[in-house]
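*Asks:* Could you have a look at this structure, given as structure tokens, before my questions?
Number of protein chains: 2
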Amino acid sequence: MPQTLLVVGSIAFDTVRTPFGLAEDVLGGSAVYFSVAASFFSPVRLVGVVGEDFPEEFRRVLQDRRIDTSGLQVVRGGRTFRWRGSYAGAMNEATTEDVQLNVFGGFRPVLPEAYRATDLVFLANGSPVTQMAVLEQVERPALVVADTMNLWIETARQPLLALLAKINGLVLNDGEARLLTGESNLTLAAEKVLDLGPGFVVIKKGEHGALLVAREGAHRRRTEGRLVCPLPGFPCPLVRDPTGAGDSFAGGMMGRLAEAGRHDFGALREAMAYGTVTASFTVEDFSLRRLERLGRQEIETRLAAYREMLAI
Amino acid sequence: MPQTLLVVGSIAFDTVRTPFGLAEDVLGGSAVYFSVAASFFSPVRLVGVVGEDFPEEFRRVLQDRRIDTSGLQVVRGGRTFRWRGSYAGAMNEATTEDVQLNVFGGFRPVLPEAYRATDLVFLANGSPVTQMAVLEQVERPALVVADTMNLWIETARQPLLALLAKINGLVLNDGEARLLTGESNLTLAAEKVLDLGPGFVVIKKGEHGALLVAREGAHRRRTEGRLVCPLPGFPCPLVRDPTGAGDSFAGGMMGRLAEAGRHDFGALREAMAYGTVTASFTVEDFSLRRLERLGRQEIETRLAAYREMLAI
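Below, the structure is given as structure tokens:
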């Protein structure tokens, strides 16, 4: 049976330069990419903050979909979070050129009463103190998954470790996994993440895909003592802008888990494949443009192609 | 029906330092890793050169398997090729500390008469002039696959392009593919390699696996206009020494193709999975140690686990 899904994260104006062009003051932010990606699979409850400069057309991108924006705080007289960055060469990493936290800097998420009973919670990248404050507002969630980044691993390790003890899954990239665990071998780094508390970890590797490692639970599939699933990236001949790929991946994954209403290893693995395919659309154009004109059927068609590729 | 398989490449004394220790003057070289990996699937005809210092125990590693060493030249008074290198951190790239080409520097491969009618030919990394000279000695091969490296792309581009026009498949790593084609997107780089002649290309990505892109031929499987198969690396919690992983991958792949006697896209894809799994054993110990104590059944067991992981 489908479950409810909540995301807390950033909402931003992005200015992005890639070899394919420049996009100025376009819609972005982790919670936005996550919500739009997840909305192909499930309704989404969004918690975030914007300033008075947040335009009606951006709000409409969210509201035209199954995204509940009653948790969207608008700060009077405030300005929305702004990020400016660029990508070059193989576009595997963004160079951040400017960050203006604005209203996001003082963000204290408050869940609307109607959000408190949510099954699946995704804590997009943010201070682990804030992530924990959100978690404490949710009543008995069925599955809590968080993202994090180098900044928090380096400057807020203790709050992050406290959070890891309380969540079911962690999503982070390969460099972050190595930094968090001090282990350069990714499979071992994943196992060390599990020692910190989460039942599963998904290590994102950009164009190289993702690695899921899970503790044994009520899962049926075992592989050499661990539950492991490495998935390659979907081969994308057209990558115009990688911004939001990781959050789209997480959104597709969590959206599909909410839709499926199961969190066993097989469900996680299938959800990761959906996340991979959803993210492969995001990168085809700037901002949310490709996702805005995407339909579920296209996702299914590409997932079928992906499955066919992997039918070794 | 099984086909015959020939490899031409280097035979070396390697000295390798990794975070797991030091191995001095151990058996190595592209043709050696290739041959031993391929021998799990098919007999192998080896063409290479060594000096008088090549010990009987190294020769026995080859001869104890299905490796025909009648193409092994021994240069009187010569010394065998020596390579010294090290790996640190995530061990994704070797730092070469010393190279002594010795007898390999003047290597002019001459195929024994009995080798001239060989079905499958693998030209391990070497000068494209030498690779072409080998190719000219083979009578109507069914499938010719070559490896190359940055050195030849930069210093011998014309001979390399001439070779590419004559071979069926190219195996190279991601950095080499980008350098060869000037294209940073790997899927596009792969397609550009096909424009240079080969019917298929396998881009090796180390721990991240490999990407196969093939031109349409008599193949049944199509994906969005191309024949594409991205495979993740097998998750290895124990990586002691990555030396020879790429050549073991190629050996497992070509050995399996020889065994299967088919080269359609499905066969290439399955062979690439065998190559991936074979290489995942190589890295578990220094030199050929893990492959020496490996059996076909272990390969099959791990392949089954790999297939299970990918059954999304």
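First to last, the protein sequences are chains F and C. Under the working numbering, the final residue of the first sequence carries the number 1804; numbering is consecutive throughout. Under the working numbering, the final residue of the second sequence carries the number 1804; numbering is consecutive throughout. In this text, a Cβ means the ideal position worked out from N, Cα and C, and glycines have one as well. The structure presented is a predicted model; accordingly, all values stated were derived computationally and were not measured.
1) For residue 1515 of chain C, name the three-state secondary structure that DSSP assigns.
2) Which class does residue 1789 of chain F belong to by DSSP, given the choice of helix, strand or coil?
3) Exposed or buried, residue 1787 of chain C, counting other C-beta atoms within 10 Å across all chains shown (16 or more means buried)?
4) What distance in whole Å lies between the Cβ atoms of residue 1750 of chain C and residue 1534 of chain C, which are believed to be in contact at a cut-off of 8 Å?
5) Since residue 1582 of chain F meets chain C, which of its residues come closer than 9 Å, beta carbon to beta carbon?
6) Would you kindly report the start and end of the unbroken beta strand (DSSP E) that includes residue 1507 of chain C?
7) Give me the Cα-Cα distance between residue 1662 of chain F and residue 1683 of chain F, rounded to the nearest whole angstrom.
8) Just checking my contact of residue 1571 of chain F with residue 1611 of chain F at CB under 8 Å: how many whole Å lie between their CB atoms?
9) To which residues does DSSP link residue 1560 of chain C through a beta bridge?
10) Taking only beta-carbon atoms, is residue 1624 of chain F less than 8 Å away from chain C?
11) With respect to the beta strand (DSSP E) encompassing residue 1592 of chain C, which residues constitute its N-terminal and C-terminal limits?
12) In chain B, which residues lie with their C-beta within 7 Å of the C-beta of residue 1765 of chain C?
13) Assuming residue 1679 of chain C and residue 1728 of chain F are in contact, meaning their beta carbons sit under 8 Å apart, how far apart are those beta carbons, in whole angstroms?
14) Please name the residue, chosen from C:1789, C:1614, C:1632 and C:1798, that lies closest to residue 1640 of chain C on a Cα-to-Cα basis.
15) Run through chain C and tell me which residues come within less than 7 Å of residue 1724 of chain F, C-beta to C-beta.
16) For chain C, check one thing: does any of its Cβ atoms lie closer than 8 Å to the Cβ of residue 1684 of chain F?
17) Among F:1748, F:1582, F:1513 and F:1756, which one has its Cα closest to the Cα of residue 1529 of chain F?
18) Assuming residue 1620 of chain F contacts residue 1655 of chain F under a Cβ cut-off of 8 Å, what Cβ separation, rounded to an integer in Å, is found between them?
19) Using CA atoms only, rank isn't needed, just tell me which of F:1723, F:1543, F:1518 and F:1758 is closest to residue 1576 of chain F.
20) Please compile the residues from chain C whose C-beta is within a distance smaller than 7 Å of the C-beta of residue 1801 of chain F.
21) In the DSSP assignment, what are the bridge partners of residue 1680 of chain F?
22) Using 10 angstroms around the beta-carbon of residue 1601 of chain F, count the other beta-carbons present and answer buried if the total reaches 16, otherwise exposed.
23) Roughly how many whole angstroms lie between the Cα atoms of residue 1767 of chain F and residue 1595 of chain C?
24) Should residue 1563 of chain C go down as buried or exposed, given a rule of 16 or more other Cβ atoms within 10 Å for buried?
25) How far does the beta strand (DSSP E) with residue 1660 of chain F in it reach, from first residue to last?
26) Taking the C-alpha atoms as reference points, what is the distance between residue 1738 of chain F and residue 1631 of chain C?
27) Using beta carbons (cut-off 8 Å, strictly below), is residue 1761 of chain C in contact with chain F?
28) Return helix, strand or coil for residue 1729 of chain F, following the three-state DSSP convention.
29) How far does the beta strand (DSSP E) with residue 1692 of chain F in it extend, from its first residue to its last?
30) To the nearest angstrom, report how far apart residue 1724 of chain C and residue 1548 of chain F are at their CA atoms.
31) Quick check on this structure: which residue in F:1752, F:1608, F:1730 and F:1660 has the alpha carbon closest to the alpha carbon of residue 1677 of chain C?
32) Determine the contact status of residue 1583 of chain C and residue 1734 of chain C, defining contact as a CB-CB distance below 8 Å.
33) Of all the CB atoms in chain C, is at least one closer than 8 Å to the CB of residue 1727 of chain F?
34) Mapping the DSSP letters down to three states, classify residue 1623 of chain F as helix, strand or coil.
35) When the Cα of residue 1550 of chain F is compared with those of F:1538, F:1581, F:1743 and F:1505, which residue comes out closest?
36) State the Cα-Cα distance for the pair residue 1636 of chain C and residue 1607 of chain C, rounded to the nearest angstrom.
*Replies:* Concretely, from the data shown:
1) Walking along the second sequence from the start, residue 1515 of chain C turns up at place 23. In the structure shown, residue 1515 of chain C sits in a strand (DSSP, three-state: E or B).
2) On the first sequence, residue 1789 of chain F is found 297 positions in, with the first residue counted as 1. DSSP places residue 1789 of chain F in helix when its eight states are reduced to three.
3) The residue given as residue 1787 of chain C occupies position 295 in the second sequence. By the 10 Å Cβ count, residue 1787 of chain C comes out exposed.
4) Here residue 1534 of chain C refers to the residue found at position 42 of the second sequence. Here residue 1750 of chain C refers to the residue found at position 258 of the second sequence. Right, the Cβ-Cβ distance comes to about 4 Å (below 8 Å), so this counts as a contact.
5) By 1-based counting over the first sequence, the position of residue 1582 of chain F is 90. Per Cβ cutoff of 9 Å: 1666, 1670, 1676, 1677 and 1678.
6) Taking the first residue of the second sequence as 1, we reach residue 1507 of chain C at position 15. Element bounds for residue 1507 of chain C: 1504-1510.
7) Reading the first sequence from its first residue, position 170 is the one you call residue 1662 of chain F. Reading the first sequence from its first residue, position 191 is the one you call residue 1683 of chain F. The straight-line gap from Cα to Cα measures roughly 12 Å.
8) Taking the first sequence and counting its residues from 1, the one referred to as residue 1571 of chain F is at position 79. Taking the first sequence and counting its residues from 1, the one referred to as residue 1611 of chain F is at position 119. Between residue 1611 of chain F and residue 1571 of chain F the Cβ distance is about 34 Å, and since that is not below 8 Å, they are no contact.
9) Within the second sequence, numbered from 1, the residue matching residue 1560 of chain C stands at position 68. C:1537.
10) Within the first sequence, numbered from 1, the residue matching residue 1624 of chain F stands at position 132. It does not; no Cβ of chain C falls within 8 Å.
11) On the second sequence, position 100 is the one that residue 1592 of chain C refers to. 1587-1592 is the span of the beta strand (DSSP E), which, as asked, contains residue 1592 of chain C.
12) Among the chains of the structure shown, chain B does not appear; the protein chains present are F and C.
13) Locating residue 1679 of chain C in the second sequence gives position 187, counting from the first residue. Locating residue 1728 of chain F in the first sequence gives position 236, counting from the first residue. Rounded, the Cβ-Cβ distance is 6 Å, consistent with contact.
14) Along the second sequence, one-based indexing puts residue 1640 of chain C at 148. Of C:1789, C:1614, C:1632 and C:1798, the residue nearest in Cα terms is C:1614.
15) Locating residue 1724 of chain F in the first sequence gives position 232, where the first residue counts as 1. Per Cβ cutoff of 7 Å: 1701, 1722, 1723 and 1724.
16) Working through the first sequence from its first residue, we reach residue 1684 of chain F at position 192. Answer no: the Cβ-Cβ gap between residue 1684 of chain F and chain C never drops below 8 Å.
17) Here residue 1529 of chain F refers to the residue found at position 37 when the first sequence is read from its first residue. Out of F:1748, F:1582, F:1513 and F:1756, F:1748 has the C-alpha closest to the C-alpha of residue 1529 of chain F.
18) Mapped onto the first sequence, residue 1620 of chain F falls at position 128. Mapped onto the first sequence, residue 1655 of chain F falls at position 163. 4 Å between Cβ atoms; contact.
19) One-based indexing of the first sequence puts residue 1576 of chain F at position 84. Cα-wise, what sits closest to residue 1576 of chain F is F:1518.
20) Locating residue 1801 of chain F in the first sequence gives position 309, counting from the first residue. 1715, 1720, 1721 and 1722, listed in chain order.
21) The count along the first sequence starts at 1 and reaches residue 1680 of chain F at position 188. The partner list for residue 1680 of chain F (beta bridge, DSSP) is empty, contrary to what the question assumes.
22) Walking along the first sequence from the start, residue 1601 of chain F turns up at place 109. Per the 10 Å Cβ criterion, buried.
23) Mapped onto the first sequence, residue 1767 of chain F falls at position 275. Mapped onto the second sequence, residue 1595 of chain C falls at position 103. Their Cα atoms are separated by approximately 52 Å.
24) Indexing the second sequence from 1 puts residue 1563 of chain C at position 71. Buried: at least 16 other Cβ atoms inside 10 Å.
25) By 1-based counting over the first sequence, the position of residue 1660 of chain F is 168. Element bounds for residue 1660 of chain F: n/a, residue is neither H nor E.
26) For the purposes of this step, residue 1738 of chain F is taken as the residue at position 246 of the first sequence. For the purposes of this step, residue 1631 of chain C is taken as the residue at position 139 of the second sequence. So the alpha carbons of these two residues sit roughly 51 Å apart.
27) Reading the second sequence from its first residue, position 269 is the one you call residue 1761 of chain C. Judged by the 8 Å Cβ criterion, residue 1761 of chain C is in contact with chain F.
28) The residue given as residue 1729 of chain F occupies position 237 in the first sequence. Three-state result, residue 1729 of chain F: coil.
29) Your numbering for residue 1692 of chain F matches position 200 in the first sequence. Segment 1692-1696, the beta strand (DSSP E) holding residue 1692 of chain F.
30) In the second sequence, residue 1724 of chain C corresponds to position 232, counting from 1. In the first sequence, residue 1548 of chain F corresponds to position 56, counting from 1. Distance between the alpha carbons of residue 1724 of chain C and residue 1548 of chain F is about 43 Å.
31) Residue numbering aside, residue 1677 of chain C sits at position 185 when the second sequence is read from its first letter. Checking every option, the nearest Cα to that of residue 1677 of chain C belongs to F:1730.
32) Translated into positions along the second sequence, residue 1583 of chain C becomes position 91. Translated into positions along the second sequence, residue 1734 of chain C becomes position 242. The answer is yes: Cβ separation under 8 Å.
33) If you number the first sequence from 1, residue 1727 of chain F lands on position 235. Yes, its Cβ sits closer than 8 Å to a Cβ of chain C.
34) Looking up residue 1623 of chain F in the first sequence gives position 131. The answer is helix: DSSP assigns residue 1623 of chain F an H, G or I state.
35) Sequence index remark: in the first sequence, residue 1550 of chain F carries index 58 (1-based). Nearest C-alpha to residue 1550 of chain F: F:1505.
36) Position 144 of the second sequence, counted from the first residue, corresponds to residue 1636 of chain C. Position 115 of the second sequence, counted from the first residue, corresponds to residue 1607 of chain C. Looking at the two C-alpha atoms, the distance is approximately 14 Å.
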